[in-house]
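First comes the structure, then the notes that go with it.
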Amino acid sequence: MSRPFRVLLVDDNPADLMLAQEVFAEHGERLTVSTCASGEEALGRLRRGPMPDVVILDVNMPVMSGFEVLQAIKDDPALLSIPVVMLSTSSQPGDIARAYTLHASSYMVKSNSFQKFVDQVDAFVTFWRESRTPSWPDRPGS
Numbered sequence: 001m002s003r004p005f006r007v008l009l010v011d012d013n014p015a016d017l018m019l020a021q022e023v024f025a026e027h028g029e030r031l032t033v034s035t036c037a038s039g040e041e042a043l044g045r046l047r048r049g050p051m052p053d054v055v056i057l058d059v060n061m062p063v064m065s066g067f068e069v070l071q072a073i074k075d076d077p078a079l080l081s082i083p084v085v086m087l088s089t090s091s092q093p094g095d096i097a098r099a100y101t102l103h104a105s106s107y108m109v110k111s112n113s114f115q116k117f118v119d120q121v122d123a124f125v126t127f128w129r130e131s132r133t134p135s136w137p138d139r140p141g142s
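Under full-length UniProt numbering, the residues of the sequence shown are numbered 1 to 142, in order.
Now the structure itself:
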């Protein structure tokens, strides 16, 4: 039996984290979601392991923005291969271009519609489960 698909969700907004966890939970045992409330916390967790299959990263966070976290991930040889999906309320072309310039794997715009968000998550999970790269080896002690 293969292990569940691992998602690391990073967002400073507790309500957004809770909503996303509830939506992802509908995928049951096939998926596990870990959360971090800041970029610093996310980088620490990534460096300790186990590696997620994908990181979903809010763009607008205090102290360390999602763009800064993405840059740190891509600058770290141990982390640079992890797919990172940027999540934002902004649909501005400049923000989207910046994400891809920093090597984001995808960019999702947060929806005000709960059903649209559910549909986005369903499509996202299906895509990443089908296209994921070989599993990351777990780090010792994780």
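We treat Cβ as the ideally placed atom computed from N, Cα and C, and that holds for glycine.
Note to self: Residues in the same chain with beta-carbon distance under 8 angstroms from T32, minus the five sequence neighbours each way, listed in chain order, please.
What the structure shows: In the sequence shown, the residue the question calls residue 32 occupies position 32. Counting only Cβ-Cβ distances below 8 angstroms, and skipping sequence neighbours, we find P4, F5, R6, V7.
Checklist line | Touch test, the region 98–116 against the region 76–87, Cβ-Cβ under 8 angstroms, three pairs minimum | finding: yes
Check: If you compare alpha carbons, which of Q71, A123, K110 is closest to R98?
Finding: Position 98 of the sequence shown, counted from the start, is the residue given in the question as residue 98. Cα-wise, what sits closest to R98 is Q71.
Notebook entry, point to check: By Cβ distance below 8 angstroms, which residues in the same chain neighbour residue 226 in space, the five residues on each side in sequence not counted?
Noted result: Examination of residue 226 is not possible in this model, given that the chain is present from 1 through 142 alone.
Margin query: Between D76 and the ligand FMN, is there a pair consisting of the residue's CB and a ligand heavy atom that are separated by less than 8 angstroms?
Written below: Annotation note on the ligand FMN: not contained in the displayed structure, which lists no ligands.
Note to self: Assuming contact is defined by CB atoms lying nearer than 9 angstroms, are D12 and A20 in contact in what I supplied?
What the structure shows: For this step, residue 12 is matched to residue 12 along the sequence shown. For this step, residue 20 is matched to residue 20 along the sequence shown. Result no, Cβ atoms of D12 and A20 do not sit closer than 9 angstroms.
Checklist line | Ordered list of alpha helix (DSSP H) runs contained in the region 3–61, each at least 4 residues | finding: 14–25, 39–48
Item checked: M86 and V63 closer than 9 angstroms at C-beta -> One-based indexing of the sequence shown puts residue 86 at position 86. One-based indexing of the sequence shown puts residue 63 at position 63. Cβ atoms of M86 and V63: not closer than 9 angstroms.
Next item on the list: Kindly provide the ranges of any alpha helix (DSSP H) runs that are 4 or more residues long and lie completely inside the region 77–130, ordered along the chain.
Entry: 93–101
Notebook entry, point to check: Should M61 go down as buried or exposed, given a rule of 16 or more other Cβ atoms within 10 Å for buried?
Noted result: Residue numbering aside, residue 61 sits at position 61 when the sequence shown is read from its first letter. Answer is buried; the Cβ neighbour count reaches 16.
Note to self: Between V125, A25, R30, V69, which has its C-alpha nearest C36's C-alpha?
What the structure shows: As a first step, residue 36 must be located in the sequence shown, where it is residue number 36. Per the Cα distances, V69.
Margin query: Suppose the cutoff is 8 angstroms on Cβ atoms and the five residues either side in sequence are ignored; what does the same chain contact list for M18 look like?
Written below: Here residue 18 corresponds to residue number 18 of the sequence shown, with the count starting at 1. Excluding residues within five positions, none has a Cβ falling inside 8 angstroms.
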